[in-house]
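Residue numbers (the numbering used here): 1 to 318.
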């Protein structure tokens with residue numbers, strides 16, 4: 001099997017519950033915000049939309065497949081109806097699913113997304129699968145590793161072993177919440193092996209245990225941990241990268257219209273950038289295309305419906 005792009009990480013079902021009777025309260029800096037609903041009451045909602053086969057790594061796999069790369073996915077789901085829907089959804093995207101493990105007595109991950117305005121809060125629960133790296137994995141051009149559940153330290157070690165045994169693989173690392181909590185010491189081999197690294201500004205500060213605000217300084221601190229090309233996203237302030245010691249900054253791509261919801265924007269940018277680098281594009285050109293896909297994914301519900309094909313994406317740049 002010849003693979004261009006291999007994504008590794010958890011996949012979930014997202015149930016988008018669109019709220020219509022809630023309030024948002026923020027501090028004076030307008031950063032620490034909470035969503036409030038009446039306690040002990042019946043709260044009406046507008047709609048519920050289930051999206052199958054999502055999650056950071058799954059979103060990356062779909063983005064790469066729509067851009068024309070031969071794509072496979074390593075993940076775990078239950079042997080249940082939700083798992084069937086996840087696998088079928090990914091197959092329809094042209095993704096090779098033979099490396100998705102099915103588990104009889106463990107359900108498929110299911111998250112509730114509380115959607116209010118154009119933002120969302122996600123109620124998450126990762127099932128404790130017996131994670132095992134599949135045998136007989138082909139050597140792809142690119143491996144994209146992202147969010148995994150807790151208790152997967154040994155699994156991460158196995159992934160690091162495999163990546164170190166295949167030095168020609170271009171390795172993209174977009175850590176999820178648990179991977180950030182593990183810390184750089186326990187995942188040091190993955191940071192050192194990473195050819196490209198993606199996280200937002202707040203995540204950089206959390207990973208580095210730093211209150212540093214200067215983006216270039218944060219990039220240099222991350223570079224010192226091992227990633228050859230660290231990339232930092234900062235919302236409406238655009239994206240920053242460090243390549244061969246030189247800093248790159250690109251403004252965000254203008255929204256075609258006000259966002260419907262912001263789920264998947266970061267995944268779209270990161271995975272599209274990695275996919276175009278796999279195709280041989282320069283870092284700057286790859287990042288520019290990542291920003292385009294990020295702007296369009298927020299125009300639809302979920303993290304995948306708005307992802308563009310290569311033809312569609314390139315048309316936005318002409």
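All residues carry an ideal CB built from backbone N, CA and C; glycine is no exception. Computed from a prediction, not measured in an experiment: that's the story for all the values here.
- Boundaries of the alpha helix (DSSP H) around residue 178: 177 to 186.
- Ranking 63, 94, 104, 89 by CA distance to the CA of residue 79 puts 104 first.
- Contact annotation: the segment 137 to 151 touches the segment 262 to 279, with at least three C-beta pairs closer than 8 Å.
- Within the segment 58 to 137, the runs of beta strand (DSSP E) that reach at least 3 residues and sit entirely inside it are, in chain order, 71 to 78, 100 to 103, 110 to 116, 119 to 123.
- Residue range 265 to 278 is occupied by the alpha helix (DSSP H) that includes residue 276.
- According to the DSSP assignment, residue 217 belongs to no beta strand (DSSP E) but to the alpha helix (DSSP H) extending over 215 to 223.
- For residue 207, the enclosing alpha helix (DSSP H) stretches over residues 201 to 208.
- Three or more Cβ pairs closer than 8 Å define a contact, and the segment 49 to 60 falls short of that threshold against the segment 20 to 30.
- At least 8 Å separates the beta-carbon of residue 66 from that of residue 46.
- Per DSSP, the continuous beta strand (DSSP E) segment holding residue 50 begins and ends at 45 to 54.
- The beta carbon of residue 193 sits closer than 6 Å to the beta carbons of 163, 171 from its chain, once the five residues preceding and following it are set aside; these are given in chain order.
- Residue burial is scored here from C-beta neighbours: residue 59 has at least 16 other C-beta atoms within 10 angstroms and is therefore classed as buried.
- In this structure, residue 253 lies near residue 295, with their beta-carbon atoms less than 8 Å apart.
- Beyond the five residues adjoining it in sequence on each side, residue 208 comes within less than 6 Å, by CB distance, of 221 in the same chain, given in chain order.
- The continuous stretches of alpha helix (DSSP H) do not include residue 298, and DSSP gives it neither H nor E.
- For residue 64 against residue 275, the beta-carbon gap comes to about 4 Å, under 8 Å, which counts as contact.
- Shown here, residue 19 sits in a strand according to DSSP, grouped into three states.
- With a beta-carbon spacing of about 13 Å, residue 236 and residue 118 fall beyond the 8 Å limit used to define contacts.
- Leaving aside the five residues that flank residue 124 on each side, the residues in its chain whose CB is nearer than 7 Å to its CB run, in chain order, 111.
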